[in-house]
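Just below is one structure, and these are the notes that go with it.
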Amino acid sequence: MHFCLTGQYTQRALNAILENPTTNRQEAAAKLIEAAGGKLVSMYSVAADGPGVLVIFDVPDPSAAPAISGLTVTAGTLQNVKLMRLFTQDEIKQVRQNAAKLRSSYKPPGG
Numbered sequence: 001m002h003f004c005l006t007g008q009y010t011q012r013a014l015n016a017i018l019e020n021p022t023t024n025r026q027e028a029a030a031k032l033i034e035a036a037g038g039k040l041v042s043m044y045s046v047a048a049d050g051p052g053v054l055v056i057f058d059v060p061d062p063s064a065a066p067a068i069s070g071l072t073v074t075a076g077t078l079q080n081v082k083l084m085r086l087f088t089q090d091e092i093k094q095v096r097q098n099a100a101k102l103r104s105s106y107k108p109p110g111g
């Protein structure tokens with residue numbers, strides 16, 4: 001399952017990065033994701049809302065994604081973290097097919 005994690009570096013993390021500007025945060029991210037049985041797909045630095053990151057990763061166990069996200073927060077690395085499950089177009093096709101099957105079973109409020 002693919003996930004997208006975004007967040008801003010904390011002041012503490014930014015100071016540590018400035019002290020060692022050649023640090024490779026991608027290696028650290030890959031090591032954590034691989035320890036969870038996953039794979040880092042891509043990682044980008046972003047400037048929106050302050051210096052931060054956007055990380056796309058693949059993990060076989062969906063509970064690994066919030067564990068990874070939580071570790072980045074509790075370690076004091078990231079703040080304002082958002083975690084999103086990404087769906088392939090094949091997965092979305094299956095979702096649509098399931099929704100079509102279930103449609104007649106749902107009654108909206110006032111319906």
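Numbering (full-length UniProt numbering), first residue to last: 1 to 111. Every residue gets a Cβ at the ideal spot worked out from N, C-alpha and C, and that includes glycine. Source: prediction; values computed, not measured.
- Going by C-alpha positions, A13 is about 21 Å away from A65.
- Around the beta-carbon of F87, fewer than 16 other beta-carbon atoms lie within 10 Å, marking it exposed.
- The straight-line gap separating the alpha-carbon atoms of L83 and L40 is approximately 15 Å.
- Under the three-state reduction of DSSP output, G52 falls in the strand class.
- Under DSSP, D58 shares a beta bridge with H2 and K39.
- A distance below 7 Å separates the beta carbons of L54 and Y44.
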